[in-house]
Amino acid sequence: MNRVTYFIVNAFTTDLYKGNPAAVCLLDSTISELTMQKIAQEIPVPTTAFVQKKGNDFFLKWFTPEMEIPICGHGTIASAFIVWQQAILPLDSSITFQTLSGPLQARWCNELVEITIKKYQLEEIECPSELEEWLGTKPKYVGKTDLDYIVELSHEEYIADFEPDFSAMKQFPVRGVCITSMSNEEGIDIVSRFFSPAQGIDEDHVNGSTHGALGPYWCEKLSIESIVSKQLSKRGGLLYVTPKEKDVAIAGTAVRILWGELLI
Numbered sequence: 659m660n661r662v663t664y665f666i667v668n669a670f671t672t673d674l675y676k677g678n679p680a681a682v683c684l685l686d687s688t689i690s691e692l693t694m695q696k697i698a699q700e701i702p703v704p705t706t707a708f709v710q711k712k713g714n715d716f717f718l719k720w721f722t723p724e725m726e727i728p729i730c731g732h733g734t735i736a737s738a739f740i741v742w743q744q745a746i747l748p749l750d751s752s753i754t755f756q757t758l759s760g761p762l763q764a765r766w767c768n769e770l771v772e773i774t775i776k777k778y779q780l781e782e783i784e785c786p787s788e789l790e791e792w793l794g795t796k797p798k799y800v801g802k803t804d805l806d807y808i809v810e811l812s813h814e815e816y817i818a819d820f821e822p823d824f825s826a827m828k829q830f831p832v833r834g835v836c837i838t839s840m841s842n843e844e845g846i847d848i849v850s851r852f853f854s855p856a857q858g859i860d861e862d863h864v865n866g867s868t869h870g871a872l873g874p875y876w877c878e879k880l881s882i883e884s885i886v887s888k889q890l891s892k893r894g895g896l897l898y899v900t901p902k903e904k905d906v907a908i909a910g911t912a913v914r915i916l917w918g919e920l921l922i
């Protein structure tokens, strides 16, 4: 039997049992996508990342227990953290991951892992009646990206207290729904939560990819160059988001909580 070294990393936090957990599997040789999916079903975390170094290139894939997914912010943060922590590359070397969504850049910056993701075009739409009914309130704004609904609500308390009906989300023609508002907390600009049962993740503890739309939206609205974003899931986490001309930089802390070997 072959063995795969894996790590559990909590992204967007320095606390052991907060943030968004991801498994990172370091591959010495290529394994099938079917095996990757079985491993993702075996490890009890929302996303399992598979990293393989081939020459000077790093190849990165992400799987939930249900499927392979095209983009995962916290899985990328966790993967970069492990590449540096295991001295596969020195901290002063940036990483380019080859992924389904194209190349993703990562660098170590001021004790944070910073990744650069796609800036998602956000188109304002009229709120669908089924979405308003699901929310239980009239939103201030509804936008749609290639992936998600982005919904601004009026109060942080509503974000924190919201109890979604996940079965009702099956009718939504999107990957997930992000609800967001301005923050009442000093030092925090915005808050959000993200729901994506279509990917097998009812609520994502801390979602990075939605900030490819949230960052530009809130920076323009608040007339600032970057935001500090807090996810109001039960585990919670902080993201530092800076929109750029063509993409969005997302930075966060990470902590390793477990490592071991899998038999394949």
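Those letters in the sequence shown? Residues 659 to 922, per the working numbering, in order. Glycine included, C-beta positions come from ideal geometry on N, C-alpha and C. Since the model is a prediction, treat every value here as computed from it, not as a measurement.
Alpha carbon to alpha carbon, how far is residue i from residue j?
i, j, result
"Val667", "Leu916", "7 Å"
"Gly873", "Ile922", "40 Å"
"Val818", "Leu780", "According to the sequence displayed, residue 818 carries Ala and not Val. For Ala818 and Leu780, the distance between alpha carbons rounds to 24 Å."
"Thr838", "Asn660", "45 Å"
"Gln743", "Trp792", "43 Å"
"Met826", "Ser867", "For clarity, residue 826 is Ala in the given sequence; the question names Met instead. Computed Cα separation, rounded: 23 Å."
"Asp806", "Tyr675", "28 Å"
"Glu919", "Glu844", "42 Å"
"Val835", "Arg851", "8 Å"
"Phe717", "Ser759", "12 Å"
"Ser751", "Cys767", "11 Å"
"Asp804", "Arg833", "9 Å"
"Asn865", "Ile740", "19 Å"
"Thr911", "Ile735", "8 Å"
"Ile882", "Gly894", "24 Å"
"Ile859", "Phe853", "7 Å"
"Glu724", "Pro822", "20 Å"
Say whether chain B places a C-beta atom closer than 8 Å to the C-beta of residue i.
i, result
"Ala738", "Among the chains in the structure shown there is no chain B, since it carries only a single protein chain."
Does DSSP classify residue i as helix, strand or coil?
i, result
"Leu749", "coil"
"Ser687", "coil"
"Tyr898", "strand"
"Gln710", "strand"
"Gln699", "helix"
"Glu878", "helix"
"Met840", "strand"
"Pro679", "strand"
"Pro761", "strand"
"Gly845", "coil"
"Ser737", "helix"
Cutting at 6 Å between CB atoms, please list the residues of its own chain near residue i, excluding the five before and the five after it.
i, result
"Ser887", "Ile848, Leu897, Val899"
"Phe721", "Met694, Gln695, Ala698, Thr706"
"Cys730", "Thr705, Trp720"
"Pro935", "Beyond the ends of the chain as shown, which are 659 and 922, falls residue 935; an answer cannot be given."
"Gly870", "Ile775, Lys776, Lys777, Tyr778, Val906"
"Ala738", "Ile753, Ala764, Val771"
"Thr688", "none"
"Leu684", "Thr663, Val709"
"Lys798", "Glu810, Ser812"
Skipping 5 residues on each side, what residues in its chain have a beta carbon closer than 8 Å to that of residue i?
i, result
"Pro761", "Thr754, Phe755"
"Ile783", "Val800, Gly801, Lys802"
"Gln829", "Glu788"
"Val913", "Val667, Asn668, Thr671, Thr672, Asp673, Leu674, Gly677"
With 16 other CB atoms within 10 Å as the buried threshold, where does residue i fall?
i, result
"Phe643", "Any question about residue 643 goes unanswered here, given that the chain covers just 659 to 922."
"Gly801", "buried"
"Lys879", "exposed"
"His863", "buried"
"His813", "exposed"
"Ala745", "exposed"
"Pro748", "exposed"
"Gly733", "buried"
"Thr795", "exposed"
"Ser891", "buried"
"Ser690", "exposed"
"Ser702", "The amino acid occupying residue 702 in the given sequence is Pro; Ser does not appear at that position. Flag for Pro702 reads exposed."
"Pro831", "exposed"
For residue i, which residues from the same chain have a beta carbon less than 7 Å from its beta carbon, with the 5 sequence-adjacent residues on both sides left out?
i, result
"Ile885", "Asp847, Ile848, Gly873, Trp876, Cys877, Val899"
Point to revise | Length at least 4, wholly inside the stretch 768-826: the alpha helix (DSSP H) runs in chain order | key: 787-793, 814-819
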